[in-house]
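So the number in our numbering is just where the residue sits in the sequence shown, counting from 1, plus 800.
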Amino acid sequence: MNDTEWNISVEKIDQPYADQWELMSDFMSLLDMRLYYMYKYHMWVGPENNLQNMIGLAVSRIEFEMNLTKAIDSVVGSNLKNEEIADIEMLNNYFLHRLESTKEQGGALKVLQLMSKFSLDDFSGNCLLLAFAVQLDKKYEKLFAYLQDDITKKLPTAETAIKLFAIPGEVIADYFCYFTSNSPLVKFLLDMDGEADTIFGIKLRLRERIMDYLLGNDDDSLGQGYVELFDENQELHDVYVKDFPFRIITSVTDASNTENAHKDETVLVFITGRKGSGRTFHVKHAVRRKKRRCLFINAKALLESHRAIEEKINEVICESILSNGYLCFTGFEVLLDEEQKKSYSALLSALIENAPYLKGLIFITS
801 MNDTEWNISV EKIDQPYADQ WELMSDFMSL LDMRLYYMYK YHMWVGPENN
851 LQNMIGLAVS RIEFEMNLTK AIDSVVGSNL KNEEIADIEM LNNYFLHRLE
901 STKEQGGALK VLQLMSKFSL DDFSGNCLLL AFAVQLDKKY EKLFAYLQDD
951 ITKKLPTAET AIKLFAIPGE VIADYFCYFT SNSPLVKFLL DMDGEADTIF
1001 GIKLRLRERI MDYLLGNDDD SLGQGYVELF DENQELHDVY VKDFPFRIIT
1051 SVTDASNTEN AHKDETVLVF ITGRKGSGRT FHVKHAVRRK KRRCLFINAK
1101 ALLESHRAIE EKINEVICES ILSNGYLCFT GFEVLLDEEQ KKSYSALLSA
1151 LIENAPYLKG LIFITS
(Lines of atoms letter the chains of each structure in order from A and count residues from 1; the text may use other names and numbers.)
(Lines give C-alpha, C1' and ligand atoms only; values in the text may rest on other atoms or scores of the structure.)
Protein backbone atom coordinates (compact mmCIF):
# COMPACT_ATOMS: atom_id res chain seq x y z
CA MET A 1 0.00 0.00 0.00
CA ASN A 2 1.32 3.46 -0.84
CA ASP A 3 0.17 6.52 1.05
CA THR A 4 -1.06 8.46 -1.98
CA GLU A 5 -3.44 5.72 -3.12
CA TRP A 6 -5.78 6.31 -0.19
CA ASN A 7 -5.00 10.00 0.47
CA ILE A 8 -2.99 9.60 3.67
CA SER A 9 0.43 10.88 4.78
CA VAL A 10 2.44 8.11 6.41
CA GLU A 11 5.00 10.58 7.75
CA LYS A 12 2.32 11.96 10.08
CA ILE A 13 1.83 8.66 11.89
CA ASP A 14 3.25 9.96 15.18
CA GLN A 15 1.48 13.30 14.99
CA PRO A 16 -1.81 13.98 16.82
CA TYR A 17 -4.71 15.23 14.74
CA ALA A 18 -4.74 19.02 14.53
CA ASP A 19 -8.53 19.12 14.44
CA GLN A 20 -11.62 17.02 13.95
CA TRP A 21 -11.69 17.55 10.20
CA GLU A 22 -8.19 16.12 9.69
CA LEU A 23 -9.30 13.11 11.73
CA MET A 24 -12.42 12.67 9.59
CA SER A 25 -10.38 12.99 6.39
CA ASP A 26 -8.21 10.04 7.46
CA PHE A 27 -11.25 8.07 8.56
CA MET A 28 -12.86 8.60 5.16
CA SER A 29 -9.70 7.23 3.52
CA LEU A 30 -10.04 4.14 5.71
CA LEU A 31 -13.73 3.94 4.79
CA ASP A 32 -12.96 4.26 1.05
CA MET A 33 -10.52 1.36 1.22
CA ARG A 34 -13.03 -0.87 2.99
CA LEU A 35 -15.76 0.10 0.52
CA TYR A 36 -13.40 -0.73 -2.33
CA TYR A 37 -12.92 -4.30 -1.09
CA MET A 38 -16.59 -4.69 -0.20
CA TYR A 39 -17.59 -3.83 -3.76
CA LYS A 40 -14.86 -6.04 -5.14
CA TYR A 41 -15.92 -9.20 -3.37
CA HIS A 42 -19.47 -8.88 -2.17
CA MET A 43 -21.76 -6.39 -3.79
CA TRP A 44 -20.53 -5.14 -7.15
CA VAL A 45 -20.16 -7.74 -9.91
CA GLY A 46 -19.58 -7.45 -13.62
CA PRO A 47 -16.87 -7.87 -16.27
CA GLU A 48 -15.88 -4.22 -16.54
CA ASN A 49 -16.28 -2.81 -13.05
CA ASN A 50 -13.88 0.01 -12.27
CA LEU A 51 -13.87 0.07 -8.51
CA GLN A 52 -11.82 3.23 -8.12
CA ASN A 53 -14.44 5.05 -10.20
CA MET A 54 -17.05 3.85 -7.74
CA ILE A 55 -15.15 5.55 -4.93
CA GLY A 56 -15.19 8.76 -6.98
CA LEU A 57 -18.81 8.19 -7.96
CA ALA A 58 -18.08 8.11 -11.69
CA VAL A 59 -20.80 5.49 -12.12
CA SER A 60 -21.45 4.36 -15.68
CA ARG A 61 -24.77 3.29 -17.17
CA ILE A 62 -23.48 -0.29 -17.54
CA GLU A 63 -22.56 -0.35 -13.84
CA PHE A 64 -25.95 1.06 -12.94
CA GLU A 65 -27.67 -1.85 -14.70
CA MET A 66 -25.48 -4.53 -13.12
CA ASN A 67 -27.00 -7.05 -10.77
CA LEU A 68 -26.10 -6.55 -7.13
CA THR A 69 -25.86 -9.44 -4.75
CA LYS A 70 -26.88 -9.34 -1.15
CA ALA A 71 -25.30 -12.40 0.38
CA ILE A 72 -24.45 -12.25 4.06
CA ASP A 73 -21.23 -14.13 4.75
CA SER A 74 -21.09 -16.03 7.98
CA VAL A 75 -17.45 -14.96 8.36
CA VAL A 76 -16.24 -11.39 7.89
CA GLY A 77 -13.91 -10.82 4.94
CA SER A 78 -13.75 -14.49 3.95
CA ASN A 79 -12.87 -13.58 0.34
CA LEU A 80 -10.09 -11.13 1.15
CA LYS A 81 -6.55 -12.04 0.17
CA ASN A 82 -3.82 -11.92 2.81
CA GLU A 83 -2.20 -8.85 1.25
CA GLU A 84 -5.55 -7.07 1.17
CA ILE A 85 -6.15 -7.84 4.85
CA ALA A 86 -2.64 -6.51 5.52
CA ASP A 87 -3.48 -3.28 3.66
CA ILE A 88 -6.66 -2.79 5.72
CA GLU A 89 -4.82 -3.50 8.97
CA MET A 90 -1.99 -1.14 8.04
CA LEU A 91 -4.30 1.79 7.36
CA ASN A 92 -6.43 0.96 10.40
CA ASN A 93 -3.35 0.82 12.67
CA TYR A 94 -2.15 4.14 11.26
CA PHE A 95 -5.51 5.70 12.10
CA LEU A 96 -5.69 4.18 15.60
CA HIS A 97 -2.10 5.26 16.35
CA ARG A 98 -2.90 8.88 15.48
CA LEU A 99 -6.09 8.67 17.58
CA GLU A 100 -4.05 7.52 20.59
CA SER A 101 -1.49 10.27 20.00
CA THR A 102 -4.31 12.81 19.96
CA LYS A 103 -5.74 11.45 23.22
CA GLU A 104 -2.32 11.50 24.88
CA GLN A 105 -1.87 15.14 23.87
CA GLY A 106 -5.21 15.97 25.48
CA GLY A 107 -6.92 16.71 22.18
CA ALA A 108 -10.40 18.02 22.92
CA LEU A 109 -11.98 16.80 19.69
CA LYS A 110 -15.71 16.27 19.92
CA VAL A 111 -15.67 12.80 18.36
CA LEU A 112 -13.06 11.64 20.87
CA GLN A 113 -15.07 13.15 23.71
CA LEU A 114 -18.12 11.16 22.61
CA MET A 115 -16.12 7.93 22.40
CA SER A 116 -14.87 8.50 25.94
CA LYS A 117 -18.18 9.67 27.43
CA PHE A 118 -20.09 6.64 26.11
CA SER A 119 -17.24 4.11 26.53
CA LEU A 120 -17.16 3.17 22.85
CA ASP A 121 -14.71 0.50 21.72
CA ASP A 122 -13.03 0.43 18.29
CA PHE A 123 -16.01 -1.06 16.44
CA SER A 124 -18.72 1.15 17.98
CA GLY A 125 -16.40 4.15 17.57
CA ASN A 126 -16.11 3.34 13.85
CA CYS A 127 -19.91 3.16 13.65
CA LEU A 128 -20.12 6.64 15.18
CA LEU A 129 -17.55 7.98 12.69
CA LEU A 130 -19.30 6.20 9.80
CA ALA A 131 -22.65 7.83 10.63
CA PHE A 132 -20.90 11.20 10.97
CA ALA A 133 -19.04 10.80 7.66
CA VAL A 134 -22.24 10.05 5.74
CA GLN A 135 -23.85 13.21 7.07
CA LEU A 136 -20.76 15.28 6.25
CA ASP A 137 -20.22 14.04 2.69
CA LYS A 138 -23.26 13.28 0.56
CA LYS A 139 -21.23 11.22 -1.93
CA TYR A 140 -21.60 8.28 0.45
CA GLU A 141 -25.38 8.31 0.14
CA LYS A 142 -25.21 7.17 -3.48
CA LEU A 143 -22.49 4.66 -2.67
CA PHE A 144 -24.52 3.02 0.06
CA ALA A 145 -27.66 3.02 -2.07
CA TYR A 146 -25.78 0.95 -4.66
CA LEU A 147 -24.06 -1.18 -2.07
CA GLN A 148 -27.32 -2.06 -0.33
CA ASP A 149 -29.17 -2.75 -3.57
CA ASP A 150 -31.84 -0.14 -2.90
CA ILE A 151 -31.74 3.44 -4.18
CA THR A 152 -33.77 4.53 -1.13
CA LYS A 153 -31.24 3.11 1.35
CA LYS A 154 -28.82 6.02 1.40
CA LEU A 155 -27.69 5.42 4.95
CA PRO A 156 -25.49 2.48 5.96
CA THR A 157 -27.27 -0.25 7.87
CA ALA A 158 -25.97 -2.30 10.79
CA GLU A 159 -25.33 -5.16 8.35
CA THR A 160 -23.15 -2.94 6.18
CA ALA A 161 -21.30 -1.52 9.19
CA ILE A 162 -20.46 -5.04 10.37
CA LYS A 163 -19.14 -6.00 6.93
CA LEU A 164 -17.06 -2.84 6.79
CA PHE A 165 -15.54 -2.71 10.27
CA ALA A 166 -15.70 -6.17 11.85
CA ILE A 167 -12.35 -7.92 12.16
CA PRO A 168 -11.71 -10.21 9.13
CA GLY A 169 -12.19 -13.84 10.08
CA GLU A 170 -14.71 -13.19 12.87
CA VAL A 171 -18.35 -14.32 12.76
CA ILE A 172 -20.83 -11.62 11.77
CA ALA A 173 -23.36 -12.72 14.39
CA ASP A 174 -20.86 -11.83 17.13
CA TYR A 175 -21.44 -8.16 16.35
CA PHE A 176 -25.22 -8.18 16.83
CA CYS A 177 -24.77 -7.01 20.44
CA TYR A 178 -23.63 -3.60 19.20
CA PHE A 179 -27.13 -2.91 17.86
CA THR A 180 -29.38 -4.23 20.61
CA SER A 181 -31.55 -1.87 22.68
CA ASN A 182 -29.02 -1.96 25.54
CA SER A 183 -26.02 -0.82 23.50
CA PRO A 184 -24.79 2.79 23.81
CA LEU A 185 -25.12 3.25 20.05
CA VAL A 186 -28.84 2.49 20.10
CA LYS A 187 -29.57 3.98 23.54
CA PHE A 188 -27.94 7.36 23.03
CA LEU A 189 -26.35 8.03 19.65
CA LEU A 190 -28.45 6.71 16.75
CA ASP A 191 -31.79 8.13 15.64
CA MET A 192 -34.12 5.15 15.94
CA ASP A 193 -37.21 6.79 14.40
CA GLY A 194 -38.72 4.31 11.97
CA GLU A 195 -36.91 1.44 13.67
CA ALA A 196 -36.09 -1.49 11.43
CA ASP A 197 -37.70 -4.92 11.77
CA THR A 198 -34.32 -6.61 12.26
CA ILE A 199 -30.98 -5.68 13.79
CA PHE A 200 -29.38 -5.91 10.35
CA GLY A 201 -31.73 -3.22 9.04
CA ILE A 202 -30.96 -0.55 11.67
CA LYS A 203 -29.82 2.64 9.91
CA LEU A 204 -26.74 4.49 11.11
CA ARG A 205 -28.12 7.99 11.38
CA LEU A 206 -27.02 10.19 14.28
CA ARG A 207 -29.54 11.85 16.52
CA GLU A 208 -29.89 15.56 15.90
CA ARG A 209 -28.58 16.33 19.41
CA ILE A 210 -25.43 14.26 18.76
CA MET A 211 -24.88 15.85 15.36
CA ASP A 212 -25.19 19.31 16.92
CA TYR A 213 -22.66 18.32 19.59
CA LEU A 214 -20.16 17.12 16.97
CA LEU A 215 -20.55 20.30 14.92
CA GLY A 216 -20.13 22.52 17.96
CA ASN A 217 -23.75 23.71 18.00
CA ASP A 218 -23.87 22.95 21.70
CA ASP A 219 -26.01 25.77 23.03
CA ASP A 220 -27.58 23.76 25.88
CA SER A 221 -31.06 24.34 24.49
CA LEU A 222 -33.29 21.68 25.98
CA GLY A 223 -36.42 21.13 23.96
CA GLN A 224 -38.17 19.00 26.56
CA GLY A 225 -40.59 20.84 28.83
CA TYR A 226 -39.66 18.70 31.81
CA VAL A 227 -35.91 19.49 31.94
CA GLU A 228 -34.12 22.54 33.31
CA LEU A 229 -30.35 22.97 33.14
CA PHE A 230 -28.80 24.58 36.22
CA ASP A 231 -25.39 26.00 35.36
CA GLU A 232 -22.72 26.40 38.00
CA ASN A 233 -22.48 30.09 37.10
CA GLN A 234 -26.15 30.85 37.71
CA GLU A 235 -26.84 33.12 40.67
CA LEU A 236 -28.86 31.97 43.65
CA HIS A 237 -30.65 34.19 46.13
CA ASP A 238 -28.48 34.77 49.18
CA VAL A 239 -30.93 33.43 51.69
CA TYR A 240 -30.61 31.23 54.75
CA VAL A 241 -29.53 27.67 53.96
CA LYS A 242 -30.25 25.11 56.65
CA ASP A 243 -26.92 23.83 57.85
CA PHE A 244 -27.62 20.12 58.45
CA PRO A 245 -29.15 19.09 55.09
CA PHE A 246 -26.63 21.26 53.26
CA ARG A 247 -23.73 19.53 55.04
CA ILE A 248 -25.20 16.09 54.29
CA ILE A 249 -25.65 16.86 50.58
CA THR A 250 -22.24 18.49 50.16
CA SER A 251 -20.54 15.63 52.00
CA VAL A 252 -21.96 13.28 49.35
CA THR A 253 -20.80 15.51 46.48
CA ASP A 254 -17.38 15.85 48.11
CA ALA A 255 -17.07 12.08 48.52
CA SER A 256 -17.92 11.52 44.86
CA ASN A 257 -15.02 13.73 43.82
CA THR A 258 -12.25 12.36 46.05
CA GLU A 259 -9.33 10.33 44.77
CA ASN A 260 -10.70 7.30 46.61
CA ALA A 261 -14.07 7.49 44.86
CA HIS A 262 -14.68 4.99 42.09
CA LYS A 263 -14.90 6.96 38.87
CA ASP A 264 -17.38 4.52 37.36
CA GLU A 265 -19.76 4.59 40.32
CA THR A 266 -23.19 6.19 40.25
CA VAL A 267 -24.73 7.23 43.56
CA LEU A 268 -28.48 7.76 44.05
CA VAL A 269 -29.25 10.30 46.78
CA PHE A 270 -32.84 10.37 48.10
CA ILE A 271 -33.89 13.62 49.79
CA THR A 272 -37.24 13.76 51.59
CA GLY A 273 -39.10 16.68 53.14
CA ARG A 274 -42.31 18.62 53.03
CA LYS A 275 -43.12 20.95 50.17
CA GLY A 276 -41.23 24.23 50.49
CA SER A 277 -38.55 22.79 52.76
CA GLY A 278 -35.80 23.68 50.27
CA ARG A 279 -34.81 20.27 48.95
CA THR A 280 -34.12 21.48 45.41
CA PHE A 281 -32.60 24.71 46.68
CA HIS A 282 -30.07 22.84 48.83
CA VAL A 283 -29.11 20.65 45.88
CA LYS A 284 -28.49 23.74 43.70
CA HIS A 285 -26.22 25.27 46.35
CA ALA A 286 -24.26 22.03 46.74
CA VAL A 287 -23.92 21.58 42.97
CA ARG A 288 -22.77 25.16 42.47
CA ARG A 289 -20.22 24.71 45.26
CA LYS A 290 -18.75 21.78 43.28
CA LYS A 291 -18.77 23.91 40.08
CA ARG A 292 -20.86 21.33 38.28
CA ARG A 293 -23.97 21.47 36.17
CA CYS A 294 -27.18 19.72 37.10
CA LEU A 295 -30.23 18.74 35.09
CA PHE A 296 -33.45 19.18 37.08
CA ILE A 297 -36.19 16.91 35.77
CA ASN A 298 -39.82 17.31 36.75
CA ALA A 299 -40.84 13.68 37.23
CA LYS A 300 -44.58 14.33 36.89
CA ALA A 301 -44.15 16.19 33.58
CA LEU A 302 -41.72 13.56 32.31
CA LEU A 303 -44.05 10.67 33.11
CA GLU A 304 -47.01 12.48 31.50
CA SER A 305 -45.12 12.90 28.23
CA HIS A 306 -46.48 10.68 25.48
CA ARG A 307 -43.26 8.91 24.52
CA ALA A 308 -42.06 5.64 26.05
CA ILE A 309 -40.40 6.11 29.43
CA GLU A 310 -37.22 4.28 28.36
CA GLU A 311 -36.80 6.67 25.44
CA LYS A 312 -37.28 9.73 27.68
CA ILE A 313 -34.88 8.45 30.33
CA ASN A 314 -32.25 7.71 27.67
CA GLU A 315 -32.64 11.25 26.37
CA VAL A 316 -32.20 12.75 29.85
CA ILE A 317 -29.20 10.53 30.63
CA CYS A 318 -27.61 11.37 27.29
CA GLU A 319 -27.96 15.08 28.04
CA SER A 320 -26.42 14.57 31.46
CA ILE A 321 -23.44 12.76 29.94
CA LEU A 322 -22.94 15.40 27.24
CA SER A 323 -23.12 18.29 29.72
CA ASN A 324 -21.06 16.48 32.40
CA GLY A 325 -23.79 17.23 34.90
CA TYR A 326 -25.59 15.65 37.82
CA LEU A 327 -29.27 14.69 37.66
CA CYS A 328 -31.97 15.77 40.08
CA PHE A 329 -35.52 14.42 39.80
CA THR A 330 -38.24 16.45 41.48
CA GLY A 331 -42.00 16.26 41.82
CA PHE A 332 -42.39 12.68 42.99
CA GLU A 333 -44.55 13.78 45.93
CA VAL A 334 -47.45 14.53 43.54
CA LEU A 335 -47.49 11.01 42.07
CA LEU A 336 -50.39 9.55 43.97
CA ASP A 337 -52.39 7.06 41.90
CA GLU A 338 -51.36 3.47 41.22
CA GLU A 339 -50.53 4.03 37.56
CA GLN A 340 -48.18 6.88 38.45
CA LYS A 341 -46.53 4.74 41.11
CA LYS A 342 -45.88 2.07 38.49
CA SER A 343 -44.30 4.72 36.28
CA TYR A 344 -42.19 5.85 39.24
CA SER A 345 -40.93 2.29 39.70
CA ALA A 346 -40.17 2.05 35.98
CA LEU A 347 -38.26 5.33 36.20
CA LEU A 348 -36.12 4.10 39.10
CA SER A 349 -35.46 0.81 37.28
CA ALA A 350 -34.38 2.69 34.16
CA LEU A 351 -32.01 4.87 36.22
CA ILE A 352 -30.43 1.87 37.92
CA GLU A 353 -30.07 0.04 34.59
CA ASN A 354 -28.32 3.04 33.03
CA ALA A 355 -26.16 3.85 36.07
CA PRO A 356 -22.90 2.64 34.40
CA TYR A 357 -23.17 5.41 31.81
CA LEU A 358 -23.73 8.21 34.33
CA LYS A 359 -20.69 7.92 36.61
CA GLY A 360 -21.87 10.62 39.00
CA LEU A 361 -24.68 11.65 41.33
CA ILE A 362 -28.44 11.37 40.92
CA PHE A 363 -30.63 13.28 43.38
CA ILE A 364 -34.26 12.24 43.90
CA THR A 365 -36.43 14.54 46.00
CA SER A 366 -39.79 13.47 47.39
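In this text, a Cβ means the ideal position worked out from N, Cα and C, and glycines have one as well. Here the structure is a predicted model, which means the values were calculated and not measured.
Of the residues assessed, Leu-830 falls on the buried side of the cut-off, its CB having 16 or more other CB atoms within 10 angstroms. Pairing Leu-1095 with Leu-1127 gives a Cβ-Cβ distance under 8 Å.
Assigned with DSSP and collapsed to three states, Val-876 falls in coil, not helix or strand.
Of the candidates Glu-1008, Ala-818 and Arg-1088, Ala-818 places its Cα closest to the Cα of Gly-906. Rounded to whole angstroms, the separation of the alpha carbons of Thr-1080 and Gln-815 is 48 Å. Short of 6 Å from the beta carbon of Pro-984, and not among the five residues preceding or following it, lie these beta carbons of its own chain, in chain order: Phe-918.
CA-to-CA, the gap between Ser-901 and Leu-936 works out to about 24 Å.
Per DSSP, reduced to three states, the secondary structure at Arg-1093 is strand. Nearest C-alpha to Thr-1130 among Ala-945, Gly-1073, Leu-835 and Asp-1012: Gly-1073. Around the C-beta of Asn-982, fewer than 16 other C-beta atoms lie within 10 Å, and the residue is accordingly described as exposed. Just measuring C-alpha positions, the residue of Asp-1031, Leu-989 and Asp-993 sitting nearest Met-1011 is Leu-989. Taking 3 residues as the shortest admissible run, the segment 940-976 contains no complete beta strand (DSSP E) segment at all.
DSSP places Ile-1117 in the helix class (H, G or I) of the three-state scheme. Between the alpha carbons of His-897 and Lys-812 lies a gap of roughly 10 Å.
Below 8 Å, too few C-beta pairs join the segment 908-922 and the segment 947-963 to call them touching: fewer than three.
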